[in-house]
Each structure stands twice: as C-alpha cells, then as structure tokens.
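Since the structure comes first, as structure tokens, the remarks are kept for the end.
Protein chains in written order, with the numbering used here: chain A, 23 to 169; chain B, 194 to 291.
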C-alpha cells in the first residue's frame, strides 16, 4: 500500500521544490526527520531530473529514511532547473517533482516500472499539465500505484 | 552458453536500478540469454564490479572498474532507448557466448 499526495506550489530552485514535497511527507508521518537533507545530498551527488521533453524530477533517497512507502507529487507554477539523471553536467527544467519515498519491497519494483513507463508515454506530460489537482491525483494513482 | 553475471547500479541502488534491472532481465529473456542480475548503489561499484561480467549504470560513469561498463540512462529517459536496448542485447550476447 503506497500513499500518494499531490500538491501545487511555487519554488525558485530545486531545493525549495524538494523542501515542499519532503515537508508534506514528513507531516504525514511517512518519512524520517532527515529525509529532506538526505534527498538533497543524494540529488547533488546523483541528480534525478529526466529531460526537457519529460519535465519531471524524481528525487529520492535510500529506504533507511522512509517509514511508509509514499510519493509526493508537486506541480510547479514555474519550472525549476534540476541536473539530469543520465548526464550530471546537463540541466533540465522540471515542471513536476515526484518525491519518491521508497521501501525496498516487491511493491516498489512495480511502482518504479509503472512510473517510468507512464512518464515515457508522450501524452503523459500534457495530461499532467492540464488536469485539475484532483484529476492529477487520479491520473497518478491509476498509472503508478499498485492496486 | 554461460550465465552472464550482470550488476545494475544507480545512485542509491533502489529506484532507477530497480527499473533498469527489470528491463535488462526482460531483454535477456526475450533474447534467450541466461543472465543473473544484482543491484547496487554506484558508490559500491569500484569494490564489487570485478565480480561481474558487466556493469550497467543508469548515470554516466567513466571510472575504470576492471569490467565492462555500459551506461543505460536511455532506458529511464527514453532518449536513444532503441540503441541502448540494442547495446545491452549485443553485450549480453557476446558475454554469454565468450
């Protein structure tokens, strides 16, 4: 059972964006106190921005800092720059931050499979941009979570 | 044909390597190649890579670790994905028949 939270917000850089999602996960009791700083540290070392074509970043950290498997999605008013997952010298503009609080169980494998396949679908980003917040949550729940 | 020992590594060894490992397992299965896959964080790669025939990394990785290293970020981003899949298939085929 994975929990999903969906927010909208403003951030002027990737740290602020990540702080919004990590704060929500902490407030909901899903992650440990050091989750945010561990995500930041990891992002600096191994960035998680996808591409400009798929303007999503998937920051996360190891499962030691997670209490319950959960995802917090943030739709940004204006995109912020993340470095790219496959080339840490390149930057992309993220309109969405999907902060992943993963537990190393079998469910997280299905979630990662669903998530990456969903994000690679060319229609996904357009749908994510146009949906109102509750439809966005439904869209993510149906396509990413394991029922 | 020998079983290829493959290591799949990403930053933390939990998110993108999980996805990449599943995709690589599927590529191997479709090609009928015997592959044993392990996952690890990138930080562990220099110490353990020599125990594997090939190391697939989801991030760019240029360090010499004494085994074949193949970058498979395209599986995640979808950029150049077909070429990445072809490279994986070719690498596994060569290693399985070596």
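Cβ coordinates follow ideal geometry from the N, Cα and C atoms, glycine included.
**OP:** Less than 8 Å between the CB atoms is what I'm expecting for residue 96 of chain A and residue 119 of chain A, so what's the real figure, rounded?
**Re:** 4 Å
**OP:** Closer than 6 Å by C-beta to residue 81 of chain A: which residues in its own chain qualify, once you throw out the five before and the five after it? Chain order, please.
**Re:** 40, 61, 65, 70, 121
Original post:
Alpha carbon to alpha carbon, how far is residue 212 of chain B from residue 268 of chain B?
Top reply: 8 Å
**OP:** Would you mind telling me which residues of chain A sit closer than 8 Å to residue 259 of chain B, beta carbon to beta carbon, in chain order?
**Re:** Chain A residues near residue 259 of chain B: none, gap ~22 Å exceeds 8 Å.
Subject >> Cβ-based contacts, 7 Å cut-off: residues of the region 35-67 of chain A near chain B >> reply: 64, 67
**OP:** Identify the contact partners of residue 83 of chain A in chain B, using a Cβ-Cβ distance below 8 Å as the criterion.
**Re:** 205
Original post:
So, does the CB of residue 234 of chain B fall closer than 9 Å to a CB anywhere in chain A?
Top reply: yes
Original post:
Do you know offhand how far residue 78 of chain A's Cα is from residue 148 of chain A's?
Top reply: 12 Å
Original post:
Residue ranges of each beta strand (DSSP E) run of no fewer than 3 residues wholly in the region 231-258 of chain B, ordered along the chain?
Top reply: 247-250
**OP:** State yes or no: is the beta carbon of residue 94 of chain A nearer than 9 Å to at least one beta carbon in chain B?
**Re:** no
**OP:** Specify the secondary structure class of residue 94 of chain A as computed by DSSP and reduced to three states.
**Re:** strand
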